[in-house]
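Trainee: Have a look at this one.
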Amino acid sequence: MNYIGSKYSLLNFIDETIAEVTGDNFDTFCDIFAGTGVVGQHYKKKGHKVIANDMQYYSFVMNRHFIGNHKPLLFSGLNKNIAGLTAKDSGKNVEKVFEYLNSLDGKKGFIYNNYSVGGTEGFEYSRMYFTDANASKCDAIRTKIEEWKTSSLITEDEYFQLLASLIESTDKYANTASVYGAFLKQFKKSALADLVLKPLPVIVNKKEHEVHNKDSNILIDEIECDVLYLDPPYNERQYATNYHMLETIARNDNPTIKGKTGLREYQHQKSEYCSRGKVKEAFEDLIQKAKTKYIFVSYNNEGLLSEADLKEILSKKGEYRCFKKEYARYKADNNRDYKDNKTFEYLHCVVCK
Ligand SMILES: C[S@@+](CC[C@H](N)C(=O)[O-])C[C@H]1O[C@@H](n2cnc3c(N)ncnc32)[C@H](O)[C@@H]1O
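Residue 7 is where the sequence shown starts when you use the working numbering, and the numbers rise one by one after that.
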């Protein structure tokens with residue numbers, strides 16, 4: 007997923023730095039601001055136990071699948087509904103289940119009625135986030151997944167594989183520059199293509215993992231780990247507004263929405279890490295409470311916390327070092343006049359006392 011702050015392209019830098027500081031000699035890795043979960047996935051693939059967390063529910067869903075699911079899924083409860091499911095071949099069964107979902111007729115549900123051109127025609131705000139066909143396909147698949155869960159035809163693990171796959175697939179057809187803060191006035195090419203639901207793979211690993219959906223500063227009291235990795239937001243843009251559509255698809259809660267962009271209520275999901283007045287106190291509280299051997303913090307040189315703030319707070323916890331990498335700037339929208347195309351990404355480290 008094209009996600010603001012994704013560390014996908016920085017995984018080598020993160021991995022090399024963590025290996026240098028820890029000698030790769032640790033068991034549990036905690037990704038407490040997990041987003042898409044790519045960093046936790048990397049450590050899960052290396053055989054570690056992973057604890058993943060994010061306050062956004064769509065992110066929880068992605069992590070619940072990528073991190074929480076660690077055995078192949080069989081969908082055996084659906085063998086009366088879908089022909090050709092086998093007793094043991096997970097790959098084949100997943101293919102059949104996705105084929106079935108892709109063949110459903112569209113349904114005029116919440117996404118169609120509020121975010122497609124046909125569904126919002128004549129409304130105060132006509133919205134163009136999805137084509138009519140893709141919005142109604144998303145609604146049909148979302149409804150079926152919930153129906154299967156409610157009638158206990160799929161397990162919780164299977165539910166999250168389907169839902170995470172729907173979120174990731176639907177996002178590819180959104181008619182936006184990248185985030186859901188606005189839609190484009192003309193359909194772009196990728197938005198005009200027909201939505202195809204593609205299965206997200208299960209990362210097989212022998213450990214049991216933990217996935218949470220909490221505020222980091224609450225969860226920190228409840229967990230212990232060897233490596234605590236922090237990748238908080240670093241500017242004032244709230245993830246809750248940028249990704250409101252994914253939250254609504256994930257929750258399936260038909261929220262009251264407002265304005266031109268159809269934004270759901272998000273006051274309870276405002277992050278203190280996006281507030282100039284609150285971030286320092288929140289960060290200090292988190293670091294103070296952490297029960298871990300090592301802390302690594304990804305942060306950008308243009309963030310709300312200064313390098314001096316980070317150094318001051320982290321040094322109180324143990325031996326502090328900082329690693330730096332030049333990085334191509336994330337462009338949320340191509341029309342904005344960015345000062346510079348290059349920015350620096352830092353990895354601040356502490357070996358705790
Ligand atoms: C920079 S992104 C993380 C990106 C992630 N490392 C990746 O590669 O996809 C920051 C994440 O922190 C989450 N977040 C913000 N404030 C939070 C809080 N107080 N507790 C938990 N998660 C929070 C946001 O929802 C967002 O997904």
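Note that beta-carbon positions come from the ideal geometry of N, C-alpha and C, so glycine has one too.
Please report the residue range of the alpha helix (DSSP H) in which ILE24 lies.
Mentor: Residue numbering aside, residue 24 sits at position 18 when the sequence shown is read from its first letter. ILE24 -> alpha helix (DSSP H) spans 17-28.
Trainee: Does the region 27-34 come into contact with the region 256-272, if we say contact requires no fewer than three beta-carbon pairs (one atom in each stretch) closer than 8 Å?
Mentor: With the cut-off at 8 Å, the region 27-34 and the region 256-272 do not touch.
Trainee: Helix, strand or coil: how does DSSP classify ASN108 here?
Mentor: As a working note, residue 108 is residue 102 in the sequence shown. Here ASN108 sits in helix by DSSP.
Trainee: Put ARG282 into one of helix, strand or coil per three-state DSSP.
Mentor: Counting from 1 along the sequence shown, the entry for residue 282 is found at position 276. DSSP places ARG282 in coil when its eight states are reduced to three.
Trainee: Note the first and the last residue of the continuous alpha helix (DSSP H) segment covering PHE66.
Mentor: The residue you call residue 66 lines up with position 60 of the sequence shown. Its alpha helix (DSSP H) spans residues 63-69.
Trainee: Compute the minimum distance between the beta carbon of VAL44 and the heavy atoms of ligand 1, and state whether it is under 7 Å.
Mentor: Locating residue 44 in the sequence shown gives position 38, counting from the first residue. Flag set: Cβ of VAL44 near ligand 1.
Trainee: Under the DSSP definition of a beta bridge, which residues are partnered with ASN334?
Mentor: Counted from its first residue, the sequence shown places residue 334 at position 328. One detail in the question is off: residue 334 reads as Ala in this sequence, not Asn. In the DSSP output, where bridge partners are listed per residue, ALA334 has LYS348.
Trainee: If you draw a straight line from the alpha carbon of LYS299 to that of ARG243, how long is it in whole angstroms?
Mentor: Numbered from 1 along the sequence shown, position 293 holds the residue referred to as residue 299. Numbered from 1 along the sequence shown, position 237 holds the residue referred to as residue 243. Whole-angstrom Cα-Cα distance: 31 Å.
Trainee: Quick one: does the C-beta of GLN273 sit closer than 7 Å to a heavy atom of ligand 1?
Mentor: Locating residue 273 in the sequence shown gives position 267, where the first residue counts as 1. Every heavy atom of ligand 1 is 7 Å or more from the Cβ of GLN273, so no.
Trainee: CB-CB under 8 Å to PHE19, same chain, minus the five flanking residues each way: which ones, in chain order?
Mentor: Position 13 of the sequence shown, counted from the first residue, corresponds to residue 19. PHE329, LYS331, GLU351, LEU353, listed in sequence order.
Trainee: Do three or more CB pairs link the region 153-169 to the region 221-231 at distances below 8 Å?
Mentor: The region 153-169, when compared against the region 221-231, does not touch it at the 8 Å Cβ threshold.
Trainee: Mind checking who THR42 pairs with in its DSSP beta bridge?
Mentor: The residue labelled residue 42 in the question sits at position 36 within the sequence shown. Looking at the DSSP assignment, THR42 forms no beta bridge with any residue, so it has no partner.
Trainee: Hey, could you find the ends of the alpha helix (DSSP H) ASP259 is sitting in?
Mentor: Counting from one through the sequence shown, the residue named residue 259 turns up at place 253. Element bounds for ASP259: n/a, residue is neither H nor E.
Trainee: Excluding five sequence neighbours on each side, which residues of the same chain lie with their C-beta closer than 7 Å to the C-beta of ARG270?
Mentor: Here residue 270 is taken as the residue at index 264 of the sequence shown, counted from 1. Taken in chain order, the residues that qualify are HIS250, GLU253, THR254, PRO261, ILE263.
Trainee: So for SER82, helix, strand or coil by DSSP?
Mentor: By one-based count along the sequence shown, residue 82 stands at place 76. Helix at SER82.
Trainee: Shorter than 7 Å, the distance from the beta carbon of ASP21 to the closest heavy atom of ligand 1, or not?
Mentor: By one-based count along the sequence shown, residue 21 stands at place 15. ASP21: no, Cβ never under 7 Å from ligand 1.
Trainee: Using 7 Å as the cut-off, classify the Cβ of GLY11 as near or not near the heavy atoms of ligand 1, replying yes or no.
Mentor: As a first step, residue 11 is located in the sequence shown; it is residue number 5 there, counting from the start. Yes, ligand 1 has a heavy atom inside 7 Å of this Cβ.
Trainee: Could you tell me whether any non-hydrogen atom of ligand 1 is closer than 7 Å to the CB of PHE302?
Mentor: Position 296 of the sequence shown holds residue 302. Result no, Cβ not under 7 Å from ligand 1.
Trainee: Is the beta carbon of THR137 closer than 8 Å to that of ALA188?
Mentor: Here residue 188 refers to the residue found at position 182 of the sequence shown. Here residue 137 refers to the residue found at position 131 of the sequence shown. Contact: no.
Trainee: Return yes when the C-beta of PHE39 is under 7 Å from any heavy atom of ligand 1, and no when it is not.
Mentor: If you number the sequence shown from 1, residue 39 lands on position 33. Correct: PHE39 has its Cβ closer than 7 Å to ligand 1.
Trainee: Starting from VAL123, trace the alpha helix (DSSP H) both ways and give me its first and last residue.
Mentor: Within the sequence shown, residue 123 is the residue found at index 117, counting from 1. It spans 123-126 - the alpha helix (DSSP H) in which VAL123 sits, taken as one unbroken run.
Trainee: If we count Cβ pairs, one from each stretch, closer than 8 Å, do we get three or more for the region 68-80 versus the region 205-218?
Mentor: The region 68-80, when compared against the region 205-218, does touch it at the 8 Å Cβ threshold.
Trainee: Please list the terminal residues of the continuous alpha helix (DSSP H) segment that includes GLU214.
Mentor: Along the sequence shown, one-based indexing puts residue 214 at 208. Run containing GLU214: none; DSSP gives neither H nor E here.
Trainee: For a test of your reading of the model: does the CB of SER65 fall under 7 Å from any non-hydrogen atom of ligand 1? Yes or no.
Mentor: One-based indexing of the sequence shown puts residue 65 at position 59. For ligand 1, at least one heavy atom lies less than 7 Å from the Cβ of SER65.
Trainee: Tell me whether TYR360 is buried or exposed, calling it buried when 16 or more other Cβ atoms sit within 10 Å of its Cβ.
Mentor: Any question about residue 360 goes unanswered here, given that the chain covers just 7 to 359.
Trainee: Would GLN167 and LEU201 qualify as a contact pair, given that the criterion is a beta-carbon distance under 8 Å?
Mentor: Indexing the sequence shown from 1 puts residue 167 at position 161. Indexing the sequence shown from 1 puts residue 201 at position 195. For GLN167 and LEU201, no; Cβs fall outside 8 Å.
Trainee: Let's test the definition: count the other Cβ atoms within 10 Å of the Cβ of ALA287 and tell me whether it reaches 16, buried, or not, exposed.
Mentor: Along the sequence shown, one-based indexing puts residue 287 at 281. Looking at the sequence provided, one finds Glu at residue 287 rather than Ala. Looking at its Cβ environment, which holds fewer than 16 other Cβ atoms inside 10 Å, GLU287 is exposed.
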